[in-house]
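Participant: Numbered per the UniProt record's numbering, the sequence shown spans residues 1 to 892. Where is the CB? At the ideal position from N, CA and C, for every residue including glycine.
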Amino acid sequence: MAPVARIPGAAPIAISNITGPVANSLSPGRPLSAYSRPAPKGLPPADSEGFRVAQQRKFVNLEDGQVVMVRYDESVRSYCAQAREEFLPSGPALYRVAGSDIWKENSAATALRQYQLPEEHRLVVAQAPALSNTSSSLVQIATKKKLVELRARLLANSDTFFRNSALPPAPTRPQPSRGTSPRAMIEAFYQNAEGLVLGEVLTSPGSKLFLIENMATLAEKGVKTLYLEHLRTDIEQIHLDHFHKTGIMSHQLDTHLRVLGTVYGSSSPGFYNYHRLVSTAQAHGIRVQALDCAASYSLSKDERALFDHGRVMVQHANQVIHADRLNGAGGKWIALLENKHANSRHSGIAPGLAMAQGVIGLQVEDVVIGPAAQTLLPVASSTTHTNFIGADLKLSVKVPWNVSFEASPRFRDLLNPEIREKKGVAIMDSGNATNSVNRNIRSEFFRRKELLEKTAQAFFSHSQVIPGQRPVPQLPAESPPAQFLEKIYENSQGLVLGAGAKSTMARQLLIDNLPVLSKLQVQRIYVQHLMKDFDQQLLDDFHTTGVIPDELKNLLRNEDSKDSIDPKGKYSLRQLLVGARQHGIRIQALDTAISYPDGKRVQNRDPAWSPSIRRLSTFNYIAHKLISADQQQYGAHRWLALVESIHVNTLRQIPGLAELQGAVGLRTVATGGKPALRITPDSGEVALFSNGVHQVRADLKLEISIQSSPLRPNQHNSRECLHKPSDFLIETTNEGFLLVQKPKDRPYTEIPLIASEGQFLAPAGSGIPDSERFSSIGDLVWRLKSIGMVQVAGTPGGLPGTLRLDTHPQLHRPGMFLFGQVENGPVLVYRSTDRSLKVIPILQKAGMPDQLCLKAPALGYDGSEVFDDLDHLKRELIYAKNLDPYIAHHDL
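1) If you check the beta carbons only, do P31 and P92 fall under 9 Å apart?
2) Are the Cβ atoms of L337 and V197 separated by less than 9 Å?
3) Helix, strand or coil for N491, going by three-state DSSP, please let me know.
4) Using the beta-carbon count (16 or more within 10 Å), is H637 buried or exposed?
5) Under the rule that 16 or more other beta-carbon atoms within 10 Å means buried, what is R163, buried or exposed?
6) Helix, strand or coil: how does DSSP classify D159 here?
7) Shorter than 8 Å, the distance from the beta carbon of I360 to the closest heavy atom of the ligand GDP, or not?
8) In whole angstroms, give me the CA-to-CA distance for K625 and H543.
9) In chain order, which beta strand (DSSP E) runs of at least 3 residues are fully inside the region 505-548?
10) Does the pairing of the region 438-449 with the region 637-654 give three or more beta-carbon distances under 8 Å?
11) Do Y489 and A641 have their C-beta atoms within less than 9 Å of each other?
12) Go through its chain and collect everything with a Cβ distance to V664's Cβ below 8 Å, but skip five positions before and after it.
13) Excluding the 5 residues preceding and the 5 following A23 in the sequence, name in chain order all residues of the same chain whose CB lies nearer than 6 Å to its CB.
14) Write down the C-beta distance between A335 and Y227 rounded to the nearest angstrom, noting that I regard them as a contact closer than 8 Å.
15) Between the C-alpha atoms of V68 and S36, what's the straight-line distance to the nearest angstrom?
16) How big is the Cα-Cα spacing for R605 and G692?
17) Classify A294: buried if its beta carbon has 16 or more other beta carbons within 10 angstroms, exposed otherwise.
18) Can you give me the Cβ contacts of D745 inside the same chain, cut-off strictly under 8 Å, excluding the 5 residues immediately before and after it?
19) Rounding to the nearest angstrom, what Cα-Cα distance links W333 and V359 in this structure?
20) Does the separation of the CB atoms of L761 and Q741 fall below 9 Å?
21) Looking only at DSSP bridge pairs, what is R652 linked to?
22) Excluding the five sequence neighbours on either side, which residues of its own chain have a C-beta within less than 6 Å of the C-beta of G331, listed in chain order?
23) If you run the structure through DSSP and keep just helix, strand and coil, what is I102?
24) Where does R875 fall in DSSP's three states?
25) Can you tell which of D884, G860 and M848 has its C-alpha closest to the C-alpha of F867?
26) Tell whether a beta-carbon distance below 9 Å holds between A52 and P44.
27) To which residues of the same chain is Q252 closer than 8 Å at the C-beta, ignoring the five residues directly before and after it?
28) Going by beta carbon distance, what residues of the same chain come within less than 7 Å of Q200, once the five residues before and after it are set aside?
29) Along the alpha helix (DSSP H) that carries Y274, what are the first and last residues, could you check?
30) DSSP on H694, reduced to helix/strand/coil?
31) Please go through the same chain and pick out, in chain order, the residues whose beta-carbon is closer than 7 Å to the beta-carbon of I212, but skip the five residues on each side of it.
32) Identify the continuous alpha helix (DSSP H) that holds R574 and give its terminal residues.
33) Would you kindly check if the distance between the Cβ of A142 and the Cβ of H121 is under 9 Å?
34) Check P169 in the structure and name its three-state DSSP category.
35) So, at 6 Å on beta carbons, what are the nonlocal neighbours of F534 in its own chain, with the 5 sequence-adjacent residues on each side left out?
36) Here's the rule I'm using: 16 or more other beta-carbon atoms within 10 Å means buried, otherwise exposed. How should E421 be labelled?
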């Protein structure tokens, strides 16, 4: 190799052999002593940064009086020892001792260097991150071979490290609290620690939301570095450093950050993703440091089989932070990793990064309902294998519902055909997933579907629709459509129109009366089974252009076929779209890919298989949120929703869309004989659905005659609605009332409801204490519901009850509470097991003006207990007394 010429413009200096023949890099692994030498004569003293510079070469002083030539290595962010005959440094990493000109070896950074991909291979990995086994070019083959070598070295060293290294002591854990401000949480986290580790589900927005919205507070509290998994020290770090210094993001970094969202199925750009997270950190002066390297990064399923990703990743991340601290990266730090890498507790494999660093580990959990404030909760202990992953605390973060339950349009091509097929999205396994990208997308789909089910369940456990708040009109039975539609919209913005299975009655009413709806200024018609995230753009394009693309034609035809409706008929979805556009009414999708029904919509007689009932809550929740969002975005306006009849009004104690929206529910029913149309209050009907028999009921029923002779009456009775042991109904007999249930694998049970001294006793075997008494059947039914029982059908003629003035109907279960304010100060309001409200004054403790107390013997308080504030009392009521706080409707 030819010698290097003297650097132009460098001043002559009496130093011999500073430079010599240049090799790309010598073999690593030699000790620092192999690079050190006595200081040559004429070498200038150290400058303010600790460098002795000659001929644009940098030397540093060692503690033994020797000097060593150094060059910066971006991959480990350290100056490293360099032999005179090499251009790239091969020696140990160094750091400057604070307050002196002496440099010492940074053993952590030195250890990292042996895992970094050589520069000649980095571009190959950056351009083709998933090098498959079929990679054929000579360059790709060489790079793949090098990666395998580095991984083997990293895995072997990881085993040794975790087997021989002692873990630091566990940190002091702050007390979990509800309603604590993010600022107070951050202060508590860093009170006695320099670092904090957050564990996330990669595709969850909550972790990114928490960091992005609190980045200013983190910077204010002294956080200087944000450590991120999925960014690589030898690939992206040089671009991260450039972005941090200049604010200019390279195309390579921009692409990688966006790919993180695309590959793993996170939501559309602009929400809470890695790109926005890195940009926000830079705007607040917080440096972003990669935790992965090319050798530790998961590339494909085949590659992951070659090494234990958990041990490798945590070992590398741990070394990165140690090296960074020695290099003088001052200030506090925060790290974001996948939960299995952040909070692993399996000592036989590897601790998570939180344990390895001796700092608090948080598990970030997305929630969609509840107050906007983040909540710290203790992590429940487990005796299963999942106990190997255990954070110190769980951080619940409220995320926007649409971010969680709308799929990115990028995944339409993969998911849309599977969602609309009879079998639904394929179960994730190696046979169904053609590559890692598809596996990740499917995994994210099922994760969001599970989150939607949990969110809907939580929503309906808190949401309470107050009876009598909806303006249902009194109508003559033979009112024509124009008249009853006008009456409905006089005092209501919305109408929920229920369609029977395989019936065109609802569509007939809708399509035939589009001119009337237009005259009444109805702006939107919402249609179930059309997906907002996948179909809405097609619907909007049609509304704008009047041209139906083939893709939209096909999906409309597919939906009609599923409902056994002629796609070319007068009442097809296509005719609805065309007619609505002609009258200036928009068609809006009312489902999402996540809420779309699983599998084929056909009758299934097995009561144990209940997809429709599971979907009852998820669809009602999603539809409610979509309509509410439109009302907020476009202003209050009139609308109509076309849905299956089970979603119109309350079914199995799940409020329907009409109750949720304060709208009117209208169910269409096919009849025979005359008159042609008849609208009446709906007394309900026991009918067969895909998962069994249920009583369906709306505010109003519209009977539409389809033949001259009467139809055969329904043969089902209300007892067939009893599917589970927790189901019940009340029947009236000549002797009084019966509680009817259907135990598993046993005949119906009939329990007489006994009255004594004007009050009803608790039913035998119901689980309600025998000491409780009820002033009416209505109160008894309420109590049965409060312990988890489900009333599946109403009693003909209704149940007699006592007149009740209830000031807090939102407290609809025993144990629910809230704090109120009266003239004399704050009060605790809670619902007792007998349905009555208890109002307890909250007092200032005598002689302790800053402390609160209350006297509530039923709750076990005699006034001697003290509380710092209402938040303290609230936590005590939740954790010690197992009461349930009321969550305001705007937080649901």
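Facilitator: So, from the data block:
1) For P31 and P92, yes; Cβs fall inside 9 Å.
2) The Cβ atoms of L337 and V197 sit closer than 9 Å to each other.
3) Three-state DSSP puts N491 in coil, outside helix and strand.
4) H637 is exposed by the Cβ-count criterion.
5) If you draw a 10 Å sphere on the C-beta of R163, you find fewer than 16 other C-beta atoms in it, and that means exposed.
6) It is helical.
7) Of the ligands one can find in the structure shown there are none, so the ligand GDP has no counterpart to examine.
8) In a straight line, the C-alpha of K625 is about 23 Å away from that of H543.
9) Runs of the beta strand (DSSP E) inside the region 505-548: 522-531.
10) Judged by Cβ distances under 8 Å, the region 438-449 makes no contact with the region 637-654, as fewer than three pairs qualify.
11) The answer is no: Cβ separation not under 9 Å.
12) The answer, listed in chain order, is R470, P471, V472, P473, I488, S492, G494, L495, V496, A658, D699 and L700.
13) Any reading at A23 needs caution, since the residue's pLDDT is 44, under 50, leaving its predicted position unreliable; the model's value is listed next. Counting only Cβ-Cβ distances below 6 Å, and skipping sequence neighbours, we find E85 and E86.
14) Yes, A335 and Y227 are in contact; Cβ-Cβ is about 4 Å, under 8 Å.
15) Cα to Cα, V68 sits roughly 5 Å from S36.
16) Residue confidence for R605 is low, a pLDDT of 40 falling below 50, so the modelled location carries little weight; the figure read from the coordinates is stated next. Roughly 6 Å separates the two Cα atoms.
17) Answer is buried; the Cβ neighbour count reaches 16.
18) Taken in chain order, the list of residues that qualify is empty.
19) Near 11 Å, if we compare the C-alpha coordinates of V359 and W333.
20) No, the pair does not count as a contact, with Cβ atoms beyond the cut-off.
21) DSSP, once it has assigned bridges, lists no residue as partnering R652.
22) Apart from sequence neighbours up to five positions away, the residues of its chain that approach G331 with a beta-carbon distance below 6 Å are G222 and K224, ordered along the chain.
23) Here I102 carries a strand assignment [DSSP, helix/strand/coil].
24) Correct three-state label for R875: helix.
25) In terms of CA proximity to F867, M848 leads the group D884, G860 and M848.
26) Reading the sequence as shown, one finds Arg at residue 52 and not Ala. Less than 9 Å divides the Cβ of R52 from the Cβ of P44.
27) The residues are A126, E236 and H239.
28) Sequence check: residue 200 is Glu here, not Gln. Residues of the same chain with a CB within less than 7 Å of the CB of E200, apart from the 5 flanking positions on each side, are S207, L336, E338, N339 and V364 in chain order.
29) Y274 to A283 is the span of the alpha helix (DSSP H), which, as asked, contains Y274.
30) Strand, per DSSP.
31) Same-chain partners within the cutoff: Y272, R276, L277 and T280.
32) L573 to Q582 is the extent of the alpha helix (DSSP H) around R574.
33) Less than 9 Å divides the Cβ of H121 from the Cβ of A142.
34) Under the three-state reduction of DSSP, P169 is assigned to coil, being neither helix nor strand.
35) Contacts found: R412, N416 and A593.
36) Around the beta carbon of E421, fewer than 16 other beta carbons lie within 10 angstroms, which makes this residue exposed.
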